[in-house]
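Colleague:
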Amino acid sequence: MYEQIAFYLFSVLTIGLFLVTVLSKNILYAMTSLAAGMVLISGFFFMLGADFLGVVQLIVYVGAVMALYAFAMMFFDATRDIKEKTTNDALVFFLGGMVALMLVIIFAAPVFSENIQAMYPVVEGVGNAQAVGLVLFTKYLVPFEVAAVMLLVAMIAGIILAGKKMDHSLTTNDDKVISQEDTK
Amino acid sequence: MIGLSHYLILSGLLFAIGFVGVIRRRNLLMLFFATEIMLNSANIAFAAASYYYHDLTGQMFAFFIIAVAASEVAVGLGLLIVLYKKFGTLDLDDLASMKG
Amino acid sequence: MDNILSVLIFFPAVAGLLGFVVDKSSARVYGISVATVELLLAIWLWMSFDGTNAGMQFVELIPLVPDFGINYYVGVDGISLFIVIMAALMTLLGMIGMNIEKDVKNMIISLLFLEMTMIGVFVALDAIVFYLFWELSLVPMLYIIGAWGGPRRIYASIKFFLYTFTGSLIMLVGMLFIAYLYYSVSGVWSFSITDWYALVLPVNYQIWLFMAFFAGFAIKVPMFPFHTWLPYAHGQAPTIGSVILAAVLLKMGTYGFIRFSLPLFPDASVMMIPFMTVLAVIMIIYTAMVAYAQEDMKQVIAYSSVSHMGVIVLGTFAMNAEGISGSVFLMLSHGIVSGALFMLVGVIYDRRHTKEMSEFGGLAAVMPKYAVIFGIMLMASVGLPLTIGFVGEFLVLLGFYQVSPVATVLAGTTIIIGAMYMLRLFKRTFFGPITNEANRNLPDLNAREMTALVPLVIIVVWLGVYPKPVLAPIDTSVKALLNFMEEKAQTPEAKETIILSKQTKEAE
Amino acid sequence: MEKFVYIALFAPLVSSLFAALFGMSPKKTFVGVIASLLLATSFVASAILAAYVVQTGHGIHVTMMDWISAGDLAIPFGFVVDHVSVTMMVVVTLVSTVVHIYSIGYMDHDKSFNRFFSYLSAFVFSMLVLVMSDNFAGLFIGWEGVGVCSWLLIGFWYHKKDESPEVNPSISPSWAANEAFIVNRIADLAMLVGIFVLYWNTGSLQYDVVFAALPYLDESVLTLAAIALFIGAMGKSAQFPLHTWLTDAMEGPTPVSALIHAATMVTAGVFLVIRANPLYSMPEVSEVSFFIAALGTFVAFFAASMALVNRDLKRIIAYSTLSQLGYMFAAAGLGAYWIALFHLAAHAFFKALLFLGAGNVMHAMHDELDIFKMGGLKKVMRGTYLYMGIASIALAGIPPLAGFFSKDAIIETAFNEGTLFLWAMLVVTAGMTAFYSFRQVFLTFDGDERYKEFDIHPHEMYKFVLVAMSPLALLAIIAGFFQGAFQEFVTSSPLMPDYVMSEHTHHLAIYLGILVLIFAVGGIVLAWKKYGNGLKRDEKCENSFIYQLLKNQYYIPQFYAEFISKPYYLLSHIMWKSVDMKIIDASVDAIAYLFFKGGDQTRKMQTGNLSNYLNWMAVGLVLMLLVAAVTALIA
């Protein structure tokens, strides 16, 4: 019962928040609602017994990613409303609606029967974090390491890309000069 | 009782929202947000599958998706900054330089 | 030397790679020496070949992708042996006769790579390896036409490439489907042709697969109506390109019919005899007529190639040893003769930079040696007995007569209309008074050109008088092939046709 | 004895190769001498073989090596010297030896002297292969070989330019050469078909095997083989309708006309029919044989009619050759093979003599061939006059010269077979033959000296040439006396059926002979009356329809040109320009263009705007989901 209430509540909230993200003109609102949505998604994870994943979600998304976005926004003068021509709304909602409809139909349809065999059954009596750790460091050791390297590479790439010509002040130099320098 | 289908439908709806964002918005930053939404919708689906099939593989995938998403944000934001420095805008309509 | 075939395939390629570091001025000598060694190796292969053994010899098998049964699997039998030797020979002679100033080094390297792919195609016994070399052969040729060709070389080379490429992709689909069928029957993946031979396919599958392979082979041959890339390719290619193209590359198509279509799809092959006959006969007569109308010497020979290839295709579907052996022999003789003819046209093009027949006339008086060699090749081309051209043509027509007398008579008109366009060419170029002053002081063949052409003349006469050393191994393998087809054929009609077509009344 | 077979066969080849060594150098007389000596060697070897065959009564069969063997087919290089082939060998080598010696004189001033001997000897070699081969494929080698040599020799003066048919009926030597080659090829195709039929039904191409199997074959097979082989023979022997090339072939040097287009190559067709006589004697193919006889008779008459009005010295002789070939076919078709062979040999002697004489005239007249421009030459050319006179008498069939015996035998055969219509035609033709041969002789050697108007100073040929011609003259005179011996010799071969006249005919033979003789003498008298005292042109006669028809060879060459050559070229041109370029190639290009255009149009989708791309991606996603959903629902 609680589970149902929690699910529907979270669902409504998540959908609402994400809709704000997608539709809002103000980038700050968008980001804030996105962060809130992420938190709620971690709630789903906890509901699904994926405690470790929920924690990671909170730390990585709400903590790291959102922080990154927040910092990035400072570059872009995010406080003002974004002026952009949006794509023809009719088309957007038709396509979005179609995708939603399709996915719902597909997922709701009973054709996807339940006869999938578990490859790595959840070990009874072991905490989720422990179980995840067991699998992660045995079967998925190599992908895990690769992911680690990838993150490292991404970090370095991010620093290099963003950090280029940090000594130039964007406000004093006008765009032309910078673009000229870039082409050198 | 909440079943797998519920989660999958929720995931589908969230994905559709992200999708709408992707096709509607022209600002690159907003596209990133929309992408995050889509990734998270996928994560929900994975976690749900994992839960209902008693199989950790789904969680593993979600885990790696988070890792990929984090890398993507790091690199992507770096690129955005470079782009912004160069063109002073993040609007896709102004960035169309690869016209065929 | 058990791995002589690998040496044959990869020696030119390795030498070609080394060619990049060779000095530009000595590139030509380098290329000729490599090609000579290659030819000697090929002849060594022939000498150690057992002519009485119908099966594959010098077989090498190295697994490449064991999970999918893809192996580096090569071997020669009587059918492929001589085409390999001819490829080596024509490369060497083409190089000797070559008169190119621009980027000689690149040309030599392209030729050596081309030689690798050509030999690879003919010795490959694994479909994937075969396909690989088949497609790779396009690349150096594309480069040769595109870089050293005439004014419309880009159009011609792209047309050549895309056209043949399209066909071979369809063939690839067919190959993959056979592999899949093999897998579903035997449970193991295999791309080796010898494994596929054991596969008995349902007749309707055979027909579809036959058509898929047909697409690849027919464009390569080129069969009517897929032949239009050839005049462009020949018209624009430099002499050496035309020589190799006509002598070896076209043979890939007809070789494919014999190596794949006949043994893999015996029933479909028999059912397709009428279809192939009609195409071949149209090809023979129609292109010979087109050749007759040409104004450009090289185009005459280009179209005549198509016409002669029609005879080869016809022989392939004669379903008797006479026809198929003749067809294989005709591949060799056409290679030698058309290669020589293209070289000869190249000789005059080098001197006058034109190939228009109307520009010439009376050359026999100015260039007697040239006229003699041209005359010999002309006679070989029209199938004069005691030249190489007759043996194959005679056997093909003889063999096909058992299948269809009417078609044989129609195809036999090749000896008439073939003579017509060749004699017209010869008359307009060599006979009559010297009308164009520019021709009055043309130098006759020089030592280099003689070195390239005289061996061909010798071969033309030698194999015309005494074809046995070549014909006997071919015949052995062809007979084995036919016995195999007869056993494998499922439909009684096909079986009957195969048995009937190889029987003379007397043998009953 | 085997070595003589090889000597006879290969001496001409050696000669040819030897001469070819000097082919591109200036004239060297010793080349001609050595070639002639080698030919003489070949003749001697042939004569020895002939003596051997006469003595022992059986032939020699040698197999040199395998040629082609594939499948069940095995063709060796085998040579058989039996009664038939040895006759041919002797005739061929004798005539060619004479022609070789003659050519030393005739080609004296030609700068391609050496080349000429190379070709001529190569021809003899091919001809010997043709007659000596023991199988049909070997025969075909020689068959094609003589064709090529004929092509080379007709086109020997290749440097002459093309002219309109009004100026030169054969347009040019190279044109005539090509015509000869191509027309022969048409017949060769039929011959190949005949070979194929025999192979697939008898399993071999060896004469003995094939002939042994003949009685077991179906009628249709036999008929087809007989027809196909005969069409092959028609090409080589220039029978109607494939006859036009022979007169055009007179563009070649005269020794060539003498050797190839009179004595040897053109008789190859007759030889083939004689060789294959077991086939043509089969009762199943009697219609074919009769057709051969009828066609032969027709050609004899048809060619003689054209010879009546022609003004070209060599063409008259060429028509006469055609006509005589018709006689030979008539005999062969009627089953009198030995008579055909006898006439073949006799004809070879006197026709070669006639041609060589014509060559002397040409040499004297500086290549002038119009007999209307000659006359009175007997004063300056006594020897030639004598030779041509003998040859013409022989040709006309006046006893006791060779032509009388051989031709009379043929006419008698026609009577004996009861084919009176053929007989009558042949008798009339005999009269026509006498008329045109003597018309030519009188116009050339008698009457007023018209050549003086054209400022020509004729002179007699070299002495050694005249001496060299003497064996032919001798044989033209005496060959007839050996008729009986010849019959006995040739028909002792198991492969050569005898042919004897019936009792009835035998009784009438003397009257028949006299009748023919009357026609022949009548022809000569008529010719003397008309032309003996110089040329008197008769405008009215010359403008009459029949005269014009004959003069234009029944308009057959024009017909061929207008209805075969030109349409073929036109059609070829249409095939190339319209079909190949505009339909086939264009459709290939159209497909390429379609892709190109499609790409060009869809290029506009590439706006460079990411948002746009995302929209397209969205559309794609929706479609894919749609497909997924639909398939899932269907499943």
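Residue numbers (the numbering used here), protein chains in the order written: chain A, 1 to 184; chain B, 1 to 100; chain C, 1 to 508; chain D, 1 to 635.
We treat Cβ as the ideally placed atom computed from N, Cα and C, and that holds for glycine.
Note down, in chain order, every chain C residue with its Cβ under 7 Å from the Cβ of leucine 192 of chain D.
Modeller: Leu397 and Gly412
Colleague: Residues of chain G with CB closer than 8 Å to the CB of alanine 592 of chain D, please, in chain order.
Modeller: Judged by its chain identifiers, the structure shown contains no chain G, and its protein chains are A, B, C and D.
Colleague: Anything in the segment 71-100 of chain B with a Cβ closer than 7 Å to a Cβ of chain A? List those residues in chain order, please.
Modeller: Ser71, Val73, Ala74, Val75, Leu77, Gly78, Leu79, Leu80, Ile81, Val82, Tyr84, Lys85, Lys86, Gly88, Leu90, Asp91 and Asp93
Colleague: Considering only residues of the same chain and omitting the five flanking positions on each side of valine 380 of chain D, which have a CB-CB separation below 8 Å?
Modeller: Ala364, Pro458, His459 and Glu460
Colleague: So what does DSSP say about asparagine 27 of chain B, is it helix, strand or coil?
Modeller: strand
Colleague: Name the one or two DSSP bridge partners that glutamate 356 of chain C has.
Modeller: Answer by DSSP bridge pairing, in chain order: C:Asp296.
Colleague: Can you grab the Cα-Cα spacing for the pair valine 111 of chain A / glutamine 57 of chain C, in whole Å?
Modeller: Because valine 111 of chain A sits at a pLDDT of 49, beneath the cut-off of 50, its placement in the model cannot be relied upon, and the point is left open.
Colleague: Return no unless some Cβ of chain C is closer than 8 Å to the Cβ of valine 148 of chain D.
Modeller: So, interface residue.
Colleague: In angstroms with no decimal places, state the Cα-to-Cα distance between lysine 566 of chain D and threonine 244 of chain D.
Modeller: 16 Å
Colleague: Which first and last residues belong to the alpha helix (DSSP H) in which phenylalanine 79 of chain D is found?
Modeller: Careful: phenylalanine 79 of chain D lies outside any alpha helix (DSSP H), inside the beta strand (DSSP E) at 73-81.
Colleague: Quick one: Cα of leucine 463 of chain C to Cα of valine 470 of chain C, how far?
Modeller: 8 Å
Colleague: Using a Cβ-Cβ cut-off of 6 Å (strictly less than) and excluding sequence neighbours within five positions of alanine 411 of chain C, which residues of its own chain qualify?
Modeller: Val281, Ile284 and Leu314
Colleague: Mind checking arginine 24 of chain B: buried by the 16 CB within 10 Å criterion, or exposed?
Modeller: buried
Colleague: Determine whether the Cβ of isoleucine 5 of chain A lies closer than 8 Å to any Cβ atom of chain B.
Modeller: no
Colleague: Measure from the C-beta of isoleucine 65 of chain B to each C-beta in chain A and report whether the shortest distance is under 8 Å.
Modeller: Answer no: the Cβ-Cβ gap between isoleucine 65 of chain B and chain A never drops below 8 Å.
Colleague: Figure out for me which residue from B:Gly12, B:Tyr52 and B:Leu28 has the closest Cα to the Cα of methionine 98 of chain A.
Modeller: B:Gly12
Colleague: So what does methionine 65 of chain D bridge to, in DSSP terms?
Modeller: D:Phe77
Colleague: Checking 8 Å against the spacing of the C-beta atoms, do leucine 272 of chain D and glycine 232 of chain D come in under that value?
Modeller: Judged by beta-carbon spacing, glycine 232 of chain D lies within the 8 Å limit of leucine 272 of chain D, meaning their Cβ atoms are closer than that value.
Colleague: Exposed or buried, what is lysine 540 of chain D when buried is set at 16 or more other beta-carbons lying within 10 Å of its beta-carbon?
Modeller: exposed
Colleague: List the residues of chain B that alanine 35 of chain A touches, going by C-beta distances under 7 Å, in chain order.
Modeller: None at all; the shortest Cβ gap to chain B is about 10 Å.
Colleague: If I measure Cβ to Cβ from isoleucine 116 of chain A and keep anything under 7 Å in the same chain, skipping five residues before and after, which residues do I get?
Modeller: At isoleucine 116 of chain A, the pLDDT of 46 sits below 50, so the modelled position is not reliable and the matter cannot be decided from this model.
Colleague: Is the separation between the beta-carbon of isoleucine 37 of chain B and that of glycine 21 of chain B shorter than 8 Å?
Modeller: yes
Colleague: Going by Cα to Cα distance, which pick from B:Glu72, B:Ala69, B:Phe63 and B:Leu95 is closest to valine 269 of chain A?
Modeller: Nothing about residue 269 of chain A can be reported from this structure: the residues present for chain A run from 1 to 184 only.
Colleague: Does DSSP classify glutamine 503 of chain C as helix, strand or coil?
Modeller: coil
Colleague: How should leucine 511 of chain C be labelled, buried or exposed, when 16 other C-beta atoms within 10 angstroms of its C-beta is the threshold for buried?
Modeller: The first residue shown for chain C is 1 and the last is 508, placing residue 511 of chain C beyond what the model contains.
Colleague: Are the CB atoms of alanine 409 of chain D and phenylalanine 342 of chain D within a distance shorter than 8 Å?
Modeller: yes
Colleague: Given a cut-off of 8 Å on the beta-carbon distance, is the pair isoleucine 9 of chain C and methionine 116 of chain C in contact?
Modeller: yes
Colleague: Shortest alpha-carbon distance to phenylalanine 52 of chain A belongs to which of B:Tyr52, B:Gln59 and B:His54?
Modeller: B:Gln59
Colleague: Roughly how many angstroms lie between the CA atoms of lysine 495 of chain C and leucine 192 of chain D, to the nearest whole one?
Modeller: 28 Å
Colleague: Between asparagine 533 of chain D and chain C, is the shortest Cβ-Cβ distance under 8 Å, so that the two count as touching?
Modeller: no
Colleague: Would you list, in sequence order, the uninterrupted alpha helix (DSSP H) runs of no fewer than 4 residues that lie entirely inside the segment 456-503 of chain D?
Modeller: 463-478 and 483-491
Colleague: Mind pulling the chain B residues with CB within less than 7 Å of methionine 155 of chain A?
Modeller: Ala74
Colleague: Taking the alpha-carbon positions, what's the methionine 118 of chain C to isoleucine 79 of chain C distance?
Modeller: 15 Å
Colleague: Below 8 Å between beta carbons: does that hold for phenylalanine 329 of chain D and leucine 279 of chain D?
Modeller: no
Colleague: Please give me, in chain order, every unbroken run of the alpha helix (DSSP H) with length at least 4 that falls completely inside the segment 90-156 of chain C.
Modeller: 104-123, 127-136 and 138-148
Colleague: Identify the contact partners of valine 588 of chain D in chain C, using a Cβ-Cβ distance below 9 Å as the criterion.
Modeller: Lys159, Tyr163, Pro225, Phe226, Thr228 and Trp229
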